[in-house]
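Trainee: Numbering (the numbering used here), first residue to last: 14 to 416.
Ideal Cβ placement from N, Cα and C applies to all residues, glycine included.
Quick caveat, the model's predicted, so the values are computed rather than measured.
I have a structure here, written as structure tokens, and I will follow up with some questions on it.
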Amino acid sequence: MYLNLFSARHQIMHDFLTPLTESLADGKFISLTMSKPRGPRADDAVNRITVRLVEVKGQTLFQWTYQYSKREVHENLSASQVTERVAQEFGSVFKHAHLFTADVDIAARSNKLGDCRVTISPASKRAPASVSHDRQKQYLIPEGQPCPFLHELGVMTLDGRVHRSMQHKFRQINRFLEFVEDVIPHLPAEGTLDVVDFGCGLSYLTFALHHLLAVIHARDVRILGIDRNSQVIDRCTHTCGKLNLEGIEFTADTIDAQHTARKVHLAVALHACDTATDDALAQAVRWQADVILAAPCCQHELAPQLDSPSLSLLTRHGILRERLAAMATDALRAAILEQAGYRTQIIEFIDTEHTPKNLLLRAVRQTVPAIDANQEVRINEFKMLLGVDHIRLEELLAGHSSE
């Protein structure tokens, strides 16, 4: 182990900033952290800064991340900007800095007098195989950065490593957050966001939604998770208390028992099985939710109804009948939501425990609903083709106006 001690303040430039600048220039930089803020801290002050290498459209940049207690702010900087900011922040704002390069680790500690102690040791980290934004998936919740709710739910370790057995859940959470990120422009830009999660289950995605909106985007939120299983709700409430989260609560109840005078901006139904999905969609439409995200599953309602001679080559096989019923159910749901004033998409979604079919129904309420007089005709013709008499969502929304 190599050890060098210096006490003069002016040595910081030579013994820390110089190797930082060199590593940024020669491609040996791996990461940098600054921690241990000086003096009294405001509630929303920066607790830690991290820097890592990224590649965006063929350009090498450095992602500078301000870590607050409940949110993170990211910027992509040039090498010279990184050096300039470190010179400003280290010593004056943060007492500790740690540079990781391909050759050595350099740790610097500054005391109250401004003196600096620098320790050089052999490299402890390996450079990532790829840092390209175009080739390597960049998650809204990155691996390697501690995330309290993921640790509490058993997805991550305290230092941000994802447990091997939870890699699939980690990808699922981030994929879901990408969909939410895409629809944020359709939610109010100001004020409190009201969100309802129907059939929240163990609430991995409910807590992830809170993290995205309240922590990453720093929005005020009111998130309500609903599930009929009181034991699950007790567990979610306990987790919420341990994390000291605000703006999120859970209730053991049914979908149709929910009544609110508030405007619901985002309605989510990712674990509602069979016609419970229809109950959730109908309630969201009645509330005139701005955005609806649903992962339909166990679409059994139509399978017994399929009675079309022209489709008998399909429907005589049980597995094909079930698949046809599932696709037809979701197609009809999308069409009925469009009739209610929404623009819809059915898109691929990484599977959940209950949804191996990889589909997500996304519906965005139109400010001025487009009136399509032929939509009802198309729906009825499709039902006739299938030999189907009824679908629950249509019955629940009978008489509902899109205005």
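If we count the other Cβ atoms within 10 Å of its Cβ and call it buried at 16 or more, is Thr219 buried or exposed?
Mentor: Flag for Thr219 reads buried.
Trainee: CB Ala285 to CB Ala316, shorter than 7 Å?
Mentor: No, the Cβ-Cβ distance between Ala285 and Ala316 is not below 7 Å.
Trainee: Give the secondary structure of Asp147 by DSSP, where H, G and I count as helix, E and B as strand, and everything else as coil.
Mentor: Reliability of the predicted coordinates at Asp147 is poor, the pLDDT of 45 falling under 50, and no value is obtained from them.
Trainee: What residue does the alpha helix (DSSP H) around Arg336 start on, and which one ends it?
Mentor: Where Arg336 is concerned, the enclosing alpha helix (DSSP H) stretches over Gly331 to Gln352.
Trainee: In whole angstroms, give me the CA-to-CA distance for Glu85 and Val228.
Mentor: Their Cα atoms are separated by approximately 7 Å.
Trainee: Which runs of the alpha helix (DSSP H), 4 residues or longer, sit entirely within the segment 26-91?
Mentor: Counting only runs of 4 or more, we get 31-39.
Trainee: Can you tell me which of Val281, Trp300 and Thr328 puts its alpha carbon nearest to the alpha carbon of Ala308?
Mentor: Comparing Cα positions, the closest option is Val281.
Trainee: Among Val117, Val59 and Gln101, which has the Cα closest to the Cα of Asn41?
Mentor: The question names Asn, yet the displayed sequence has Lys at residue 41. For the residues Val117, Val59 and Gln101, the minimum Cα distance to Lys41 belongs to Val117.
Trainee: Can you give me the C-alpha to C-alpha distance between Gln301 and Gly354, rounded to a whole angstrom?
Mentor: For Gln301 and Gly354, the distance between alpha carbons rounds to 9 Å.
Trainee: Report the three-state DSSP secondary structure of Val175 (helix, strand or coil).
Mentor: Here Val175 sits in strand by DSSP.
Trainee: Comparing alpha-carbon positions, which option in Asp320, Asp303 and Ser123 lies nearest Thr380?
Mentor: Minimum Cα distance to Thr380 is reached at Asp303.
Trainee: Would you be able to state if there are at least three C-beta pairs under 8 Å between the segment 176-183 and the segment 240-257?
Mentor: No, the segment 240-257 does not touch the segment 176-183.
Trainee: Expressed to the nearest angstrom, what Euclidean distance is found between the alpha-carbon atoms of Glu194 and Glu389?
Mentor: The straight-line gap from Cα to Cα measures roughly 32 Å.
Trainee: Spatial neighbours of Ala348 within its chain, please: CB distance less than 6 Å, with the 5 preceding and 5 following residues excluded, ordered by chain position.
Mentor: The residues are Ile392.
Trainee: Have a look at His251 and Asp402 and give me their C-alpha separation to the nearest angstrom.
Mentor: Cα to Cα, His251 sits roughly 45 Å from Asp402.
Trainee: Short of 6 Å in beta carbon distance, which residues of its chain neighbour Glu263, apart from the five on each side in sequence? Order them along the chain.
Mentor: One detail in the question is off: residue 263 reads as Phe in this sequence, not Glu. Excluding sequence neighbours, Phe263 sits near Gly238, Ile246, Cys249 and Thr250.
Trainee: Please list the terminal residues of the continuous beta strand (DSSP E) segment that includes Ser323.
Mentor: Careful: Ser323 lies outside any beta strand (DSSP E) and carries neither H nor E.
Trainee: Would you check if the distance between the CB atom of Ile268 and the CB atom of Phe189 is smaller than 7 Å?
Mentor: Their beta carbons are not under 7 Å apart, which means Ile268 does not touch Phe189 by this criterion.
Trainee: Identify the residues that DSSP records as bridge partners of Ser123: which are they?
Mentor: DSSP lists Cys129 as partners of Ser123.
Trainee: Alpha carbon to alpha carbon, how far is Thr288 from Gln352?
Mentor: Computed Cα separation, rounded: 19 Å.
Trainee: May I ask you to report which of helix, strand or coil DSSP gives Asp385?
Mentor: If DSSP states are grouped into helix, strand and coil, Asp385 belongs with coil.
Trainee: Decide if Thr170 is buried, meaning its Cβ has at least 16 other Cβ atoms within 10 Å, or exposed.
Mentor: With fewer than 16 other Cβ atoms within 10 Å, it is exposed.
Trainee: For Glu262, which three-state DSSP category applies?
Mentor: Residue state, collapsed to three classes: strand.
Trainee: Can you tell me which residues form a DSSP beta bridge with Met169?
Mentor: Paired residue(s): Val175.
Trainee: So the candidates are Ile305, Thr290 and Ala231; which of them puts its Cα closest to the Cα of Thr342?
Mentor: The shortest C-alpha separation from Thr342 is found at Thr290.
Trainee: Please go through the same chain and pick out, in chain order, the residues whose beta-carbon is closer than 8 Å to the beta-carbon of Arg177, but skip the five residues on each side of it.
Mentor: So the list is empty, once near-sequence residues are dropped.
Trainee: Whose CA, out of His111, Ile261 and Gln312, lies closest to the CA of Arg235?
Mentor: Checked all of His111, Ile261 and Gln312; the closest Cα to Arg235 is Ile261.
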